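See structure below.
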Amino acid sequence: MLDRVLTVDEDVKVRDFLYEVLSEAGFRALTVPTGSEALERLKKERPSLMIIEDIPGEFSGIPLAKKIRSFDKDIKIIMLGVSPRQEALSDQIEEAGINAYLSKDFQDPAAIKTIFTVLRQEGIMKPPTEKRRGRVLI
Numbered sequence: 007m008l009d010r011v012l013t014v015d016e017d018v019k020v021r022d023f024l025y026e027v028l029s030e031a032g033f034r035a036l037t038v039p040t041g042s043e044a045l046e047r048l049k050k051e052r053p054s055l056m057i058i059e060d061i062p063g064e065f066s067g068i069p070l071a072k073k074i075r076s077f078d079k080d081i082k083i084i085m086l087g088v089s090p091r092q093e094a095l096s097d098q099i100e101e102a103g104i105n106a107y108l109s110k111d112f113q114d115p116a117a118i119k120t121i122f123t124v125l126r127q128e129g130i131m132k133p134p135t136e137k138r139r140g141r142v143l144i
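Per the numbering used here: the sequence shown = residues 7 to 144.
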């Protein structure tokens, strides 16, 4: 069975982009627009990785990560946001158990590489020699 990756982002373009990239890389990509829908989805299936948007709100960003950590310490979490905000939130990010903070700038090749790095570090993705899967260099 393919490892699942659940993306939570209100922007349909971000969800669609990550769905395509992750699917092409061989993962079972799942997407939802809100944190409350993500929590409902977690009742049905458990992803290996969650990519969540860093926006204010009860079921977004850091509060969502903390809620997930209250019942599952093992799901890997990457937060998508604006890089300068990362420095201001570094203590909260660590406290919430977020594995990586990723810029939402998908024009930056490092952004997508960070997702695959976290997957490799956590043993979810075997470290291949660099190769291309679809249009994605992993």
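C-beta: ideal position from N, C-alpha, C; glycine also. These numbers were taken from a predicted model, which means no experiment stands behind them.
> What are the start and end residues of the alpha helix (DSSP H) that includes Ser42?
Replying inline: Residue 42 sits at position 36 when you count from the first residue of the sequence shown. Run containing Ser42: Gly41 to Lys50, per the alpha helix (DSSP H) assignment.
> Can you tell me whether Lys82 is buried or exposed, with buried defined as 16 or more other CB within 10 angstroms of its CB?
Replying inline: As a working mapping, residue 82 is identified with position 76 in the sequence shown. It is buried - the Cβ of Lys82 has at least 16 other Cβ atoms within 10 Å.
> Is DSSP giving Ser109 helix, strand or coil here?
Replying inline: For the purposes of this step, residue 109 is taken as residue 103 along the sequence shown, with counting starting at 1. Strand.
>> Quick check: what's the CA-CA separation for Lys49 versus Glu93?
In response: Taking the sequence shown and counting its residues from 1, the one referred to as residue 49 is at position 43. Taking the sequence shown and counting its residues from 1, the one referred to as residue 93 is at position 87. Going by the C-alpha atoms only, they are around 32 Å apart.
>> With a threshold of 8 Å, are at least 3 pairs of Cβ atoms found where one atom belongs to the region 38-52 and the other to the region 14-23?
In response: Because the criterion of three Cβ pairs below 8 Å is met, the region 38-52 and the region 14-23 touch.
>> Can you check which of these residues, Arg21, Ala102 and Gly63, is closest to Ser76 by C-alpha distance?
In response: Walking along the sequence shown from the start, residue 76 turns up at place 70. For Ser76, the nearest C-alpha among the options comes from Ala102.
> How big is the Cα-Cα spacing for Glu26 and Ile118?
Replying inline: Residue numbering aside, residue 26 sits at position 20 when the sequence shown is read from its first letter. Residue numbering aside, residue 118 sits at position 112 when the sequence shown is read from its first letter. Each residue's CA atom was taken as its position, placing Glu26 and Ile118 some 12 Å apart.
>> The alpha helix (DSSP H) that contains Ile100, what's its start and end?
In response: As a position in the sequence shown, residue 100 is number 94, starting the count at 1. Per the sequence shown, the amino acid found at residue 100 is Glu instead of Ile. From DSSP, the alpha helix (DSSP H) with Glu100 extends over Ser96 to Glu101.
> Going by the CB atoms, is the gap between Arg34 and Arg52 shorter than 7 Å?
Replying inline: On the sequence shown, residue 52 is found 46 positions in, with the first residue counted as 1. On the sequence shown, residue 34 is found 28 positions in, with the first residue counted as 1. No. Outside cutoff.
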